[in-house]
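Asker: As given, the protein sequences belong to chains A and B, one line each in that order. Residue numbers for the first sequence follow the numbering used here, beginning at 1 and rising by one. Residue numbers for the second sequence follow the numbering used here, beginning at 1001 and rising by one. Before we start, here is the structure in question, set down as structure tokens.
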Amino acid sequence: MAAGAWTVYNLAKKKIGNSTLNLASTAFRVSLFTSASSGAGNSARGVISSLDDEIADGNGYSTSGKALTSEVWTVGASNSQYKFDASDVVWTATGGSIAGIKYAVIWLSGTSAGNRHLLCYSQLTSSAFTLSSGNTLTLQMNASGILTLA
Amino acid sequence: MIASFIVRLLDADGGLLAWAEVMGKSRPQGRPRSTPFLAQGPTQFVIERDGMASGLSVHWADLDVARYSALMTPCRVQVGQVMRFDWIEPVWMIKGAESDVPLPQVTVRKPVAIGVPVGGLGVLAPT
């Protein structure tokens, strides 16, 4: 399963510039979407509520997403680069399968739907898959980070 | 080059009967991007659903290239059965040759780790 690189949503670029999206925040979350989602892979979307066809709640998956941990906005491979990075994220299918996995989306949590801003997405696989009960899905962040500013 | 291919056993409607990850040899032929898929040995399918097996879809997921290949003789399969399939000829994978190959969703019964490549905020994004 070859995953696509994290792609920054168009509006996220604007929001990073006007400080709506602060990459030094530690309130980012990651959610999973199905192949039916027309929004997850649409770089024109702005907030998490504008995306459809999230993975169904239950069996180890929560529709509120999973919190990223150990987020950093720090110097990258050289002094001329900065990177946004976080620890790997793991879901465990429990009591049933997690069905239809295709996209992962990173977003900044907020107090209201309009404040839950999309940052970036990845197409995890070219064909959706179901994770059977008792197994884990691990999103492995690259050694160079999630995003780099070169 | 040895690569991983996802092979789905399908019924006539493109429904999934079984699937297997098959290590195969590919020999990319340059432009247009094409390669024969040569399995390293027989493939064992654990049948997940009763039905009449009528074809295979071979998916090179890393490149998202797929090809449908009809079975010479359709056969009935039953859930729980293990079906051995002997590859007697290569399946030609050609980028863009077929756009409607059935690739029904598979259920993975082992831990999955997906490495996501770094994305770029600037024009000099690393590859």
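Quick reminder that beta carbons are idealized off the backbone N, C-alpha and C, glycines included.
Under a Cβ-count criterion, where at least 16 other Cβ atoms within 10 Å of its own Cβ denotes burial, should B:Gln1044 be classed as buried or exposed?
Answerer: exposed
Asker: Residues in its own chain within less than 6 Å of A:Lys15 by CB, not counting five upstream and five downstream?
Answerer: Leu21 and His117
Asker: To be precise: take each residue of the stretch 1039-1064 of chain B, compare its Cβ to all Cβ atoms of chain A, and keep it if any distance is under 7 Å. Which residues remain?
Answerer: His1059, Ala1061, Asp1062 and Asp1064
Asker: Assuming B:Val1116 and A:Asn135 form a contact by the criterion Cβ under 8 Å, report the distance between their Cβ atoms to the nearest whole angstrom.
Answerer: Actually they do not touch by this definition, with Cβ atoms about 19 Å apart.
Asker: For B:Gly1133 and chain A, any beta-carbon pair shorter than 7 Å?
Answerer: As displayed, chain B neither begins before 1001 nor continues past 1127, which places residue 1133 of chain B out of reach and without an answer.
Asker: Quick check on A:Ser80: buried or exposed, where buried means 16 or more other Cβ atoms within 10 Å of its Cβ?
Answerer: Exposed, since its Cβ has fewer than 16 Cβ neighbours within 10 Å.
Asker: In three-state DSSP terms, what is B:Lys1095?
Answerer: In the three-state reduction of the DSSP assignment, B:Lys1095 falls in the coil class, being assigned neither a helical nor a strand state.
Asker: Using the three-state DSSP reduction, which class does B:Pro1126 fall into: helix, strand or coil?
Answerer: Confidence at B:Pro1126 is low in this model, with a pLDDT of 49, below 50, so its placement is unreliable and the value that follows should be read with caution. Three-state DSSP puts B:Pro1126 in coil, outside helix and strand.
Asker: Thinking C-alpha only, which one of B:Asp1011, B:Lys1025, B:Gly1080 and B:His1059 is nearest B:Leu1038?
Answerer: B:Lys1025
Asker: By the criterion of Cβ-Cβ separation under 7 Å, what are the contact partners of B:Leu1103 in chain A?
Answerer: Within chain A, the residues near B:Leu1103 are Ser127.
Asker: Quick one: which chain B residues come within Cβ less than 9 Å of A:Thr136?
Answerer: Pro1111, Val1112 and Ala1113
Asker: Give a yes or no on whether the C-beta atoms belonging to A:Trp107 and A:Leu137 are separated by under 7 Å.
Answerer: no
Asker: Using CA coordinates, which residue listed in B:His1059, B:Arg1076 and B:Trp1087 is at the minimum distance from B:Ala1003?
Answerer: Nearest option by C-alpha distance: B:His1059.
Asker: So, is the C-beta of B:Leu1017 closer than 7 Å to a C-beta in chain A?
Answerer: no
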